[in-house]
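Numbering (the UniProt record's numbering), first residue to last: 1 to 489. Cβ coordinates follow ideal geometry from the N, Cα and C atoms, glycine included. Everything below concerns the one structure shown next.
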Amino acid sequence: MARAARSCHVCKTRKKGCDKALPQCGSCIQRGLPCSYYQPDCPHKDERPSTEISLSDRVPNLISGYSDVNIPATLHFHLGKLLRVTNLSVPRIGERYFRDLHRGLPILCPTLFRESVAEYKGKTAPVDFSVLLLALCLLAWNPSSDIRSRPRLIHRDNLYTTVRVLFLRVRAAIRASKSLAQASILIAAYEYASGQPHLANRSLEVCTGIMSEIEWKLQNPNELKALPKDRSLRLRVREKVNLWWSVATLERIVLCDIPGCNQSLFLQFPCRNTPLPPDLLPAQDHSDLISLKSGPILAATHDNSIGGFGRQIQVTYILDQLLKAIQNPTDTTAHIAHLKGLDQELQRLMAILIRDCDHEWRYYCGAIGTAVRSLFLLHKHIQILPPADPETLWLQKSSQAALDFVTNIMADVAHDHLQRLTVVNAGVLPLSCAYNLRASINHIEWQRSVGRTFSTSSLGSLVALENICFQRWRGDTGVAGPSKASSEV
């Protein structure tokens, strides 16, 4: 058994004997204590980790060893260290978020974010804002483009562990805030993209708990139609509205990939006359947006002024009805009629999205990804219904054609995106893309197993794009791709 040269920090502090076992000593394992052979240094030392495990190993003990007063300085120190070893900067992580993830998860107002970054430049930022920057760093870091000629100083799993532990420690130490809720959903987004929907679901639960503590919920739709006249307050309200909608949409997308999950939803969708939120695009000036009176509502599927995030919410509303129908089926006749209606709604909205996507290929990708995920979920559910009558048998046969249709759409998407994307810029793809690709590949493999043929080029394109997604989010982790079980739900 490998042994360390010195006693662990916990045993040394407690003045107890240490067996120096690696990676954890027996005393710490027995008492359930975090074991580290790192001895905290002064925060002013510019020390780089010499091994992959050292960074996440140091952070929990360093934070726990400081008083609440020193936590801001400690976080600031480790944020700087993480930025150095990932070869990133605060402006760069903000730029990547707004370029890639923001279209499907617009939880940050670009104007407010830029002002906060400028305000805290060269200073120690508030604890919750530092944690938010750490979560952004987790999503922005791409080993394929950020570390080329330099030796590898950090592992992706190592970075994730560091950020998550810091977030949980700070969450327990300070009051709930909007920045902590934003950091939590960003961590959930990373967990889902990296093939860990169960962990993403837990992070979303933490996020909704924070939102409950700060008493933020979507009120009566009429109350949202008039925003404060003060510019800063107005922007913060819009940011909170988008945060609520982002959590509600991501929660439902994540549940699609947790087999057999019948848990109650954390957030309930409002009525269909609720106004849709803005996209908060970086290129726009949002300071003049005072009222939502003239904006489109959730039910207005044929309104051409709806943005990409609004379309994603509309698709997720149908997904919300689908999840409820699957979890609480009524009698067979009514259940089938409900599924048919949801299928028709999804197909109609999908046609609108494909038409509008021709104008800008990235703008509606999140909504299309959610629609495809919903169609796979719906028709896979139809396939496992007991064939009790001729109508059910006919529906199952037609659902096979629908699965072929959705798979062909994904094959076309893969073929088109392979002309534009590499691992370096694959972050622009929707978070659900890898799951949709795996579901399509599984469907083709099943078709071949029953003697049906499918285009070899289609399968090759799907596999190639799935590999790009894998390399972007999980390339140097121990996490496998989306499991067949989760993709076939």
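- Here Gln196 is buried, its C-beta having at least 16 other C-beta atoms within 10 Å.
- Taking 7 Å as the cut-off, the Cβ atoms of Leu22 and Ala5 do not count as close.
- For the pair of segments examined, the segment 334-343 was found to touch the segment 370-388: the number of CB pairs separated by less than 8 Å reaches three.
- Judged by their CB atoms, Glu345 and Ile318 are nearer to each other than the 7 Å cut-off.
- The alpha-carbon of Tyr192 is positioned some 33 Å away from that of Arg452.
- In the assembly as shown, Ile29 is an exposed residue. Its beta-carbon has fewer than 16 other beta-carbons within 10 Å.
- For Asp320, the enclosing alpha helix (DSSP H) begins and ends at 308-327.
- In this structure, Val85 sits away from Ile174, with a CB-CB distance that is not shorter than 7 Å.
- With fewer than 16 other Cβ atoms from the protein chains shown falling within 10 Å of its own Cβ, Ala334 counts as exposed.
- By the C-beta criterion, the segment 268-281 is judged not to be in contact with the segment 448-466, since fewer than 3 inter-stretch pairs fall below 8 Å.
- Here DSSP, grouped into helix, strand and coil, assigns Pro275 to strand.
- For Asn408, the enclosing alpha helix (DSSP H) covers residues 390-417.
- Annotation for Asp303: Pro296 place their beta carbon closer than 7 Å to its own, counting only its chain and skipping 5 residues before and after.
- As the crow flies, the alpha-carbon of Gln321 is around 57 Å from that of Ser7.
- Annotated three-state conformation of Arg3 is strand, per DSSP.
- Going by beta carbons, Arg272 and Leu255 fall outside the 7 Å limit.
- Here Ala176 carries a coil assignment [DSSP, helix/strand/coil].
- Nearest in C-alpha terms to Trp216, of all of Lys178, Val450, His198, Ile185, is Lys178.
- If you draw a straight line from the Cα of Met350 to the Cα of Ser440, it is about 17 Å long.
- Per DSSP, the beta-bridge partners of Ala21 are Arg3.
- Here DSSP, grouped into helix, strand and coil, assigns Ile384 to coil.
- In this structure Ala135 is in contact with Ala183, their Cβ atoms being roughly 4 Å apart against a cut-off of 8 Å.
- The segment 97-109 makes contact with the segment 422-441; the number of CB pairs closer than 8 Å reaches 3 or more.
- Following the DSSP letters along the chain, one finds Ser440 inside the alpha helix (DSSP H) bounded by residues 433-449.
- Scanning Ser203, Ala189, Ile258, Ala73 for the CA closest to the CA of Val165 turns up Ser203.
- In terms of Cα proximity to Ala176, the closest of Thr161, Asn201, Val131 is Val131.
- Between Ala434 and Glu391 a beta carbon distance of about 35 Å is seen, past the 8 Å cut, so the two are scored as non-contacting.
- Only exposed fits His198, as fewer than 16 other CB atoms lie within 10 angstroms of its CB.
- About 14 Å separates the Cβ atoms of Phe266 and Thr316, ruling out a contact at the 8 Å cut-off.
- Distance between Leu235 and Val406, taken at the CA atoms: about 39 Å.
- Take the alpha-carbon of Leu353 and the one of Tyr364: they are about 7 Å apart.
- Distance from the CA of Pro110 to the CA of Lys12, rounded to the nearest whole angstrom, comes to 47 Å.
- Comparing alpha-carbon positions, the option among Ser264, Trp394, Ile313 lying closest to Pro275 turns out to be Ile313.
- If you draw a straight line from the Cα of Ile185 to the Cα of Asp389, it is about 44 Å long.
- Sorting Lys123, Leu431, Ser89 by C-alpha distance to the C-alpha of Leu133 places Ser89 at the top.
- The Cβ neighbour count for Glu251, taken over all protein chains shown within 10 Å, is at least 16; the residue is labelled buried.
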